[in-house]
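Protein chains in written order, with the numbering used here: chain A, 1 to 344; chain B, 1001 to 1344.
See below:
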């Protein structure tokens, strides 16, 4: 694989469309000057934004599209209306056709997943795709999946996610042999539903050459960073992720209120303002923006729809790293080396 | 019902046993001087502690027991060894026999639930019990259930939990007509698993005289306090609760690190220390300690095993409120008035 990374972008996706996507791409390119982009969207809107960005000079090819997927389109509706011609579909298709190594969209998650499944197809040996995110922990970051691709699971799917999450952790966290935990309501063997119990048995009894199975972890292990990878079913994973985001916001609002309540607290805030700025930066969700679709024949990254350019740039960074270190090949190799889920 | 509330206590439960339970009861009794206790445990240990507590004078009857359930006993093992004679069983039995209006234990949750089910039986019209907790929100508190009683659910069980959670919210939050949300991965009708979709349909189509069905809520609505009651299946609810606790701890540790990093931050901390103390108090999990077992023929409250006396006192306060306002009658009335789940 060449070192030259080309990323396809759905320029029309997200709450702010090209006005976030274009500057976001520019910020990411500053960090990876060899990176180029294929941008799909309304040329009349996209071109002036690209031309106004010196950091994107010579790095962007714009492909004009006339259809955009709306944030509230149902996935089936988006596929019907956007298949083959929407900016979202075309960005994914560029990955399928080998023109780009990864696609990034801030559009509607359901539509992006539906189109990705149809256009790229599921990998051999994988039942269903998953969405992985980077979860900030007191130790650094962990890979957590599935945060909402599929509802319901079984043991094989959980084991597949353990493998795919480990592949992602190897690349993003630079770990040769990541540790994997199964999210559960307790750490004893008898705890949990049938799927996690059976997955635990499979992982204990399989010889694992690429990652270490740690055992069950609980909700509070997520922030602790007990394991490098945490695997769970999509319904629970999505709720855990949003609960953590909500709790962080809630504490932020308590803190703000507490610091404004008395004169002494206000003075204290002034003295400690750099510490607070560092804390805000630490809690800033834009730093870890980007849901990685795993289990498809190609890399697709979902950026939060409401992110600003900095947040979109984080998602592009993630796409760059996955492409440069060939996530697809890493997943395939790790699947082949895991007997419990190795494709026939 | 008389105003006089008697609470039965498993004096041997929890990591610290009587040395937390007895002073915890004393703290709660200062707030509710009419309350009396039946304490089950090793009399040789419990009596000196009770006699050293002037706040408990004349309010405690000690019942000697020789068997204690260990924190790591399996529920089946605890029932086999402790049925009829352990401090935990006897505390529950006192509720069944009408000697106490509610039982509180800081012991092993699985054992407490197993014994409560056997000793008290499930209420008519209720499939399975649930554990409800008070979740701190930016608006105050919400009732969230199930946080771990049962794994897996169906639509009827979710609707039953909506009714039981509303009954608890009426008492604890003093709301005539609480709002209820179903925890889901999105707010659109098509989102989620079959159980939540069907429960939503039942709640929309049933005439509800005691609470208002709000619709789906997401993980970040928990901290926001979007609804007074949030209903979810026990696996997801337990993970959401522990994820929130873990996130709060994680941010607390970031904050502590940030405030100690520079001289200026340290000075700021000194000025703002009262504000930080208020924040710590707000984030203190002991304030909202107590999981309420709902759906049984009697009130049982689970205190965290690692709580201190203040935390145990919060669980006793909760038991007191539930008993004084007759949670059992409120649940029965609300079930009868909800056609979708009214017992035959």
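The C-beta atom is built at its ideal place from N, Cα and C for all residues, glycine as well.
Residue span of the beta strand (DSSP E) that contains residue i, given as start and end
i: residue 302 of chain A; result: 299–302
i: residue 1064 of chain B; result: 1060–1064
i: residue 1009 of chain B; result: 1006–1010
i: residue 1182 of chain B; result: 1179–1183
i: residue 1141 of chain B; result: 1140–1145
i: residue 118 of chain A; result: Careful: residue 118 of chain A lies outside any beta strand (DSSP E), inside the alpha helix (DSSP H) at 109–120.
i: residue 1251 of chain B; result: Where residue 1251 of chain B is concerned, there is no enclosing beta strand (DSSP E), although the alpha helix (DSSP H) it sits in stretches over 1234–1259.
i: residue 102 of chain A; result: 102–105
i: residue 1200 of chain B; result: Not the beta strand (DSSP E): residue 1200 of chain B falls in the alpha helix (DSSP H), residues 1194–1205.
i: residue 136 of chain A; result: 130–136
i: residue 1362 of chain B; result: Chain B is shown only over 1001 to 1344; residue 1362 of chain B falls outside these bounds and no answer can be derived.
6 Å Cβ shell around residue i - same chain, five flanking residues per side excluded
i: residue 1151 of chain B; result: 1234, 1235
i: residue 67 of chain A; result: 82, 85, 86
i: residue 1250 of chain B; result: none
i: residue 1160 of chain B; result: 1126, 1341
i: residue 967 of chain B; result: Given a span of 1001 to 1344 for chain B in the structure shown, any question on residue 967 of chain B remains unanswerable.
i: residue 332 of chain A; result: none
i: residue 1162 of chain B; result: 1180, 1231
i: residue 317 of chain A; result: 28
Nearest neighbour of residue i, chosen from the options [CA to CA]
i: residue 1010 of chain B; options: B:1032, B:1034, B:1035, B:1041; result: B:1041
i: residue 74 of chain A; options: B:1328, B:1155, B:1224, B:1187; result: B:1187
i: residue 1095 of chain B; options: B:1058, B:1006, B:1067; result: B:1006
i: residue 84 of chain A; options: A:222, A:116, A:282, A:273; result: A:116
i: residue 1153 of chain B; options: B:1263, B:1171, B:1237; result: B:1237
i: residue 1357 of chain B; options: B:1206, B:1147, B:1212, B:1138; result: Here chain B covers residues 1001 to 1344 and nothing more, so residue 1357 of chain B does not appear.
i: residue 297 of chain A; options: A:255, A:123, A:140; result: A:123
i: residue 103 of chain A; options: A:340, A:312, A:335, A:333; result: A:312
i: residue 1261 of chain B; options: A:274, A:256, A:133; result: A:274
i: residue 1303 of chain B; options: B:1134, B:1030, B:1059, B:1032; result: B:1134
i: residue 100 of chain A; options: A:222, A:136, A:189, A:59; result: A:59
i: residue 330 of chain A; options: A:248, A:199, A:165, A:306; result: A:165
i: residue 1050 of chain B; options: B:1018, B:1223, B:1172; result: B:1018
i: residue 78 of chain A; options: A:118, A:97, A:145; result: A:118
i: residue 1008 of chain B; options: B:1200, B:1227, B:1098, B:1148; result: B:1098
i: residue 72 of chain A; options: A:305, A:32, A:139, A:310; result: A:305
Chain-order list of residues whose beta-carbon lies under 7 Å from that of residue i (same chain, five-residue window excluded)
i: residue 1432 of chain B; result: This structure gives no information on residue 1432 of chain B, because the portion of chain B shown stretches from 1001 to 1344.
i: residue 1 of chain A; result: The predicted position of residue 1 of chain A is uncertain, since its pLDDT is 43 and thus under 50; a value taken from the coordinates is nonetheless stated next. Around residue 1 of chain A: 326.
i: residue 88 of chain A; result: 10, 13, 69, 82, 105, 107, 111, 112, 115
i: residue 1090 of chain B; result: 1040, 1063, 1065
i: residue 202 of chain A; result: 155, 159, 340
i: residue 1335 of chain B; result: 1125, 1163, 1341, 1342, 1343
i: residue 207 of chain A; result: 339
Cβ distance (whole Å) where residue i is taken to contact residue j below 8 Å
i: residue 1193 of chain B; j: residue 1218 of chain B; result: Not a contact, Cβ separation roughly 14 Å.
i: residue 246 of chain A; j: residue 106 of chain A; result: In fact, because the Cβ distance is near 21 Å, the residues do not count as touching under 8 Å.
i: residue 1299 of chain B; j: residue 1323 of chain B; result: 6 Å
i: residue 53 of chain A; j: residue 38 of chain A; result: That belief does not hold up - the Cβ atoms of residue 53 of chain A and residue 38 of chain A are roughly 16 Å apart, past 8 Å.
i: residue 279 of chain A; j: residue 1258 of chain B; result: 5 Å
i: residue 1169 of chain B; j: residue 1229 of chain B; result: 5 Å
i: residue 1056 of chain B; j: residue 1028 of chain B; result: So it is not a contact: roughly 10 Å between Cβ atoms.
i: residue 256 of chain A; j: residue 1254 of chain B; result: Actually they are not in contact, since the Cβ atoms of residue 256 of chain A and residue 1254 of chain B sit about 15 Å apart, beyond 8 Å.
i: residue 131 of chain A; j: residue 1240 of chain B; result: Actually they are not in contact, since the Cβ atoms of residue 131 of chain A and residue 1240 of chain B sit about 18 Å apart, beyond 8 Å.
i: residue 1121 of chain B; j: residue 220 of chain A; result: Contact doesn't hold; Cβ gap of about 33 Å is too wide.
i: residue 1272 of chain B; j: residue 277 of chain A; result: Wrong, their Cβ atoms sit about 15 Å apart, outside the cutoff.
Limits of the unbroken alpha helix (DSSP H) element including residue i
i: residue 317 of chain A; result: 309–324
i: residue 1069 of chain B; result: Run containing residue 1069 of chain B: none; DSSP gives neither H nor E here.
i: residue 271 of chain A; result: 263–271
i: residue 166 of chain A; result: 155–172
i: residue 1049 of chain B; result: 1043–1051
i: residue 27 of chain A; result: 18–31
i: residue 1091 of chain B; result: 1087–1096
i: residue 212 of chain A; result: Unbroken run through residue 212 of chain A is the beta strand (DSSP E), 212–217; no alpha helix (DSSP H).
i: residue 1335 of chain B; result: 1327–1336
Nonlocal neighbours in the same chain, by C-beta distance under 8 Å from residue i, ignoring five residues either side
i: residue 209 of chain A; result: 337, 338
i: residue 176 of chain A; result: 170
i: residue 137 of chain A; result: 222, 223, 224, 225
Check: residue i C-beta below 7 Å from any heavy atom of the ligand SAH
i: residue 1254 of chain B; result: Judged by which ligands are present, the structure shown has none, so any question about the ligand SAH falls away.
Exercise. Could you tell me whether the segment 1012–1025 of chain B touches the segment 1033–1047 of chain B, where touching means 3 or more Cβ pairs closer than 8 Å?
Key: yes
Quiz item: Any contact of the segment 289–303 of chain A with the segment 1265–1272 of chain B, i.e. 3+ C-beta pairs under 8 Å?
Solution: no
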